[in-house]
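The sequence shown: position 425 = 425 (the UniProt record's numbering), numbered continuously.
Below you'll find the structure, written out as structure tokens, and then a few comments.
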Amino acid sequence: MTVAADVLEIDDALAQYDPVMGLEVHVELNTKSKMFCGCPTEFGAPPNTQTCPVCLGLPGALPVVNARGVESAIKIGLALNCEIAEWCRFARKNYFYPDMPKNFQTSQYDEPIAFNGWTEVVVDGETYRIEIERAHMEEDTGKSTHVGGATGRIHGASHSLVDYNRAGIPLIEIVTKTIEVPGEKAAAVARAYVSMLRDLLLALGVSDVRMDQGSLRCDANVSLKPRGSSTLGTRTETKNVNSFRSVERAITYEITRQAAVLSSGGKVVQETRHWHEDTGVTTSGREKSDADDYRYFPEPDLVPVAPSREWVEELRATLPEAPSVRRARLQEDWGFTDLEMRDVINGNALEPIVATVELGVTPAAAKKWWLGELARSANESGQELDALGVGPEQVAEVQKLVDEGTLNDKLARQVFEGLLAGEGTPAEIIEKRGLALVSDDSALIEAIDRAIAANPDVVEKVNSGKPAAAGALIGAVMKDMRGQADAAKVRQLLNEKLGI
Numbered sequence: 001m002t003v004a005a006d007v008l009e010i011d012d013a014l015a016q017y018d019p020v021m022g023l024e025v026h027v028e029l030n031t032k033s034k035m036f037c038g039c040p041t042e043f044g045a046p047p048n049t050q051t052c053p054v055c056l057g058l059p060g061a062l063p064v065v066n067a068r069g070v071e072s073a074i075k076i077g078l079a080l081n082c083e084i085a086e087w088c089r090f091a092r093k094n095y096f097y098p099d100m101p102k103n104f105q106t107s108q109y110d111e112p113i114a115f116n117g118w119t120e121v122v123v124d125g126e127t128y129r130i131e132i133e134r135a136h137m138e139e140d141t142g143k144s145t146h147v148g149g150a151t152g153r154i155h156g157a158s159h160s161l162v163d164y165n166r167a168g169i170p171l172i173e174i175v176t177k178t179i180e181v182p183g184e185k186a187a188a189v190a191r192a193y194v195s196m197l198r199d200l201l202l203a204l205g206v207s208d209v210r211m212d213q214g215s216l217r218c219d220a221n222v223s224l225k226p227r228g229s230s231t232l233g234t235r236t237e238t239k240n241v242n243s244f245r246s247v248e249r250a251i252t253y254e255i256t257r258q259a260a261v262l263s264s265g266g267k268v269v270q271e272t273r274h275w276h277e278d279t280g281v282t283t284s285g286r287e288k289s290d291a292d293d294y295r296y297f298p299e300p301d302l303v304p305v306a307p308s309r310e311w312v313e314e315l316r317a318t319l320p321e322a323p324s325v326r327r328a329r330l331q332e333d334w335g336f337t338d339l340e341m342r343d344v345i346n347g348n349a350l351e352p353i354v355a356t357v358e359l360g361v362t363p364a365a366a367k368k369w370w371l372g373e374l375a376r377s378a379n380e381s382g383q384e385l386d387a388l389g390v391g392p393e394q395v396a397e398v399q400k401l402v403d404e405g406t407l408n409d410k411l412a413r414q415v416f417e418g419l420l421a422g423e424g425t426p427a428e429i430i431e432k433r434g435l436a437l438v439s440d441d442s443a444l445i446e447a448i449d450r451a452i453a454a455n456p457d458v459v460e461k462v463n464s465g466k467p468a469a470a471g472a473l474i475g476a477v478m479k480d481m482r483g484q485a486d487a488a489k490v491r492q493l494l495n496e497k498l499g500i
């Protein structure tokens, strides 16, 4: 029996237990048709309009493997340093749930297309190797919507609706071996791994990896063992975590929850759990099934897949550079220090900065905005950078206005405030808020004259050989102009006025 318990503080939990993780990442491929039929895969179509007898599991319908799905699976396996099977086959994973119309899922079991791989992630300057157990092909399920009740879950709902448009969409499931890293780094390593996978999959061009649309989902397995012990504890699986931040938070919560259960004399139940983004907790789902419960057996309606070695090598030749190699190259090209690059990676800002630099912005300026105003807003709202509604194009447009002298950094920050609030384009925000720099020299000279008249003591210091004192006059002018003046221009005109 599980003893009721609250959570422990994370430091207290890690003082007693070492966490062990396993991550299962589901990736929807961006093929134009489903894995075993010709139905389209467009996201957002009206419910149950992209179905056919095959993906609905009607009697007599026979599946055919999507060759592009196999190609994408091989590319993913190669990019993760996996061995590619010379021969593999599909299996039926049998279970009953409303979103699975066939009452089985066509997947792979003991004969996956890719296996025994590895990759690396960097957290706080330390490199961690993640062993990949397998990457296998399967089909996605339908999507259930539970109506009524307070949680949106099936428990307490008055009825459920099922959309089978998603049923049969090609999936690759990437499964790690157990991950054991220092406890205080565990959740961050998991987040870094999922983030790295997203970047890799984007580079491969095999998925749009839109976590908000469910095309990249992570199941996080967590167990605890006593500090220094080699005996693994009972694991839970938190399902369908759909943001980098949530991966980190869900794992941290499970560590603290399980530690509280164990330290109070209870036992952790092997079960699936649901992550609640709004409350930051997991709740019990159902008892976790083992492989035997699914009664796997080879899919009789599909022939085995036997990718030739020539084809595999052709695909290997098309792979982009590895993420670690790319990061090192970009760091050198941009002139960033190790600490600066670490901040970029940890802030999930690499891809936004790359895209902004490609639009002509200097790396330093791109980093300033993505790790400054935009990162601050993301942290405050609990969102990822790519969910803010501000993209590289807007950042490049704002920086261009700074470079042209229309804005200074202070005014640019106000433009970003407007962009984040949905007030329009940078030009529209500047006009609405009256943010453009004053370019009229006569207006600046008038403000300088007022500053000189109001600060005779400062003028006396400047004239007595202390030019640094002029900073106070520049500050007075900037205040007078409400920040809408170019400080360098003000300094130039002031120096001319004072003869220094």
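In this text, a Cβ means the ideal position worked out from N, Cα and C, and glycines have one as well.
Problem - Option in 190, 301, 109 with minimal Cα separation from residue 123 - result: Nearest option by C-alpha distance: 190.
Exercise for the section: Indicate whether residue 204 and residue 304 have their beta-carbon atoms separated by less than 8 Å. Expected result: The Cβ atoms of residue 204 and residue 304 lie no closer than 8 Å to each other.
Practice task
State the DSSP-derived secondary structure class of residue 97, mapped to helix, strand or coil.
Solution key: Coil at residue 97, not helix or strand.
Problem - Pair within 8 Å by beta-carbon distance, residue 238 and residue 282 - result: Contact: yes.
Practice task
Using DSSP bridges, identify the partner residues of residue 50.
Solution key: Residue 50 is bridged by DSSP to nothing; it lacks a bridge partner.
Exercise for the section: Starting from residue 377, follow its DSSP beta bridges and name the residues at the other end. Expected result: Looking at the DSSP assignment, residue 377 forms no beta bridge with any residue, so it has no partner.
Problem - Contacts around residue 3, its chain only, beta-carbon distance under 6 Å, and the 5 residues preceding and following it disregarded - result: Here the model assigns residue 3 a pLDDT of 38, short of 50, so the residue's position is not dependable, and the following value carries that caveat. Contacts found: 264, 265, 266.
Problem - Classification of residue 479 by the beta-carbon crowding that lies within 10 angstroms, buried from 16 upward - result: Residue 479 is exposed by the Cβ-count criterion.
Practice task
Return the Cβ separation of residue 102 and residue 57 in integer angstroms, given the expectation that the two are a contact with Cβ distance under 8 Å.
Solution key: Sure, about 3 Å apart at Cβ, within 8 Å.
Exercise for the section: Using the DSSP secondary-structure output, state which residues sit across from residue 123 in a beta bridge. Expected result: Under DSSP, the beta-bridge partners assigned to residue 123 are 126.
Handout entry: Sub-8 Å separation of residue 171 and residue 139 beta-carbons
Key = Yes, these two residues count as a Cβ contact at 8 Å.
Handout entry: Nonlocal neighbours in the same chain, by C-beta distance under 7 Å from residue 6, ignoring five residues either side
Key = Counting only Cβ-Cβ distances below 7 Å, and skipping sequence neighbours, we find 260.
Practice task
Indicate whether residue 162 and residue 99 have their beta-carbon atoms separated by less than 8 Å.
Solution key: Inclusion of residue 162 and residue 99 in the CB contact set at 8 Å is warranted, their separation being smaller than that value.
Problem - residue 19 - partner residues in DSSP beta bridges - result: Residue 19 is bridged to 224.
Problem - Status (buried if at least 16 other CB within 10 Å, exposed otherwise) for residue 367 - result: Its Cβ being crowded by 16 or more others within 10 Å, residue 367 is buried.
Practice task
With a threshold of 16 other CB atoms inside 10 Å of the CB of residue 369, please say whether the residue is buried or exposed.
Solution key: With 16 or more other CB atoms across the displayed protein chains lying within 10 angstroms of its CB, residue 369 is buried.
Handout entry: Run of the alpha helix (DSSP H) containing residue 400, from where it starts to where it stops
Key = Counting along the chain, the alpha helix (DSSP H) containing residue 400 begins and ends at 392–403.
Practice task
Could you round the C-beta distance between residue 396 and residue 371 to whole angstroms and report it? I think they count as a contact, below 8 Å.
Solution key: Between residue 371 and residue 396 the Cβ distance is about 16 Å, and since that is not below 8 Å, they are no contact.
Practice task
My understanding is that residue 232 touches residue 223, with C-beta atoms under 8 Å, so please give their C-beta distance in whole angstroms.
Solution key: Rounded, the Cβ-Cβ distance is 6 Å, consistent with contact.
Exercise for the section: Sort 377, 400, 251, 431 by Cα distance to residue 421 and report the nearest one. Expected result: The shortest C-alpha separation from residue 421 is found at 377.
Handout entry: Where residue 305 sits in the DSSP three-state scheme
Key = Residue 305 carries a strand assignment under DSSP once its states are collapsed to helix, strand and coil.
Practice task
Quick one: grab the DSSP three-state call for residue 491.
Solution key: Correct three-state label for residue 491: helix.
Problem - Separation of residue 391 from residue 168, as counted between CA atoms - result: Cα to Cα, the separation comes out at about 32 Å.
Handout entry: Range covered by the alpha helix (DSSP H) that runs through residue 463
Key = Per DSSP, residue 463 belongs to the alpha helix (DSSP H) from 456–463.
Exercise for the section: Below 8 Å on the Cβ atoms is my guess for residue 71 versus residue 315; work out the distance and round it to an integer in Å. Expected result: Indeed, because the Cβ distance is near 7 Å, the residues count as touching under 8 Å.
Handout entry: Extent of the continuous beta strand (DSSP E) run through residue 236
Key = Residue 236 -> beta strand (DSSP E) spans 236–241.
Exercise for the section: Taking residue 430 as the reference, give the member of 15, 412, 459 with the closest Cα. Expected result: The closest CA to that of residue 430, considering only 15, 412, 459, is found on 412.
Exercise for the section: Let me know the secondary structure DSSP gives residue 157 once reduced to three states. Expected result: Residue state for residue 157 is assigned as coil, using DSSP reduced to three classes.
Practice task
Inspect the beta-carbon positions of residue 142 and residue 149 and report whether they are closer than 8 Å.
Solution key: No; because the gap between Cβ atoms is not below 8 Å, this pair is not in contact.
Practice task
Excluding the 5 residues preceding and the 5 following residue 111 in the sequence, name in chain order all residues of the same chain whose CB lies nearer than 6 Å to its CB.
Solution key: Hits under 6 Å: 88, 89.
Exercise for the section: Look at residue 306 and residue 275 and say whether their C-beta atoms are less than 8 Å apart. Expected result: For residue 306 and residue 275, no; Cβs fall outside 8 Å.
Problem - Per DSSP, cross-strand counterpart(s) of residue 283 - result: Beta bridge pairing from DSSP links residue 283 with 274.
Practice task
Return the Cβ separation of residue 423 and residue 410 in integer angstroms, given the expectation that the two are a contact with Cβ distance under 8 Å.
Solution key: With 8 Å as the limit, residue 423 and residue 410 do not qualify as a contact, their Cβ atoms being about 18 Å apart.
Exercise for the section: Grab me the residues of residue 462's own chain with a C-beta within less than 8 Å of its C-beta, minus the 5 sequence neighbours each way, in chain order. Expected result: Short of 8 Å from the beta carbon of residue 462, and not among the five residues preceding or following it, lie these beta carbons of its own chain, in chain order: 469, 470, 473, 498, 500.
Exercise for the section: Using beta-carbon positions only, say whether residue 45 and residue 165 come within less than 8 Å of one another. Expected result: Cβ atoms of residue 45 and residue 165: closer than 8 Å.
Problem - Backbone CA spacing between residue 1 and residue 258 [nearest angstrom] - result: A caution first: residue 1 carries a pLDDT of 33, below 50, which makes its placement in the model unreliable, though a value can still be read off. Distance from the CA of residue 1 to the CA of residue 258, rounded to the nearest whole angstrom, comes to 14 Å.
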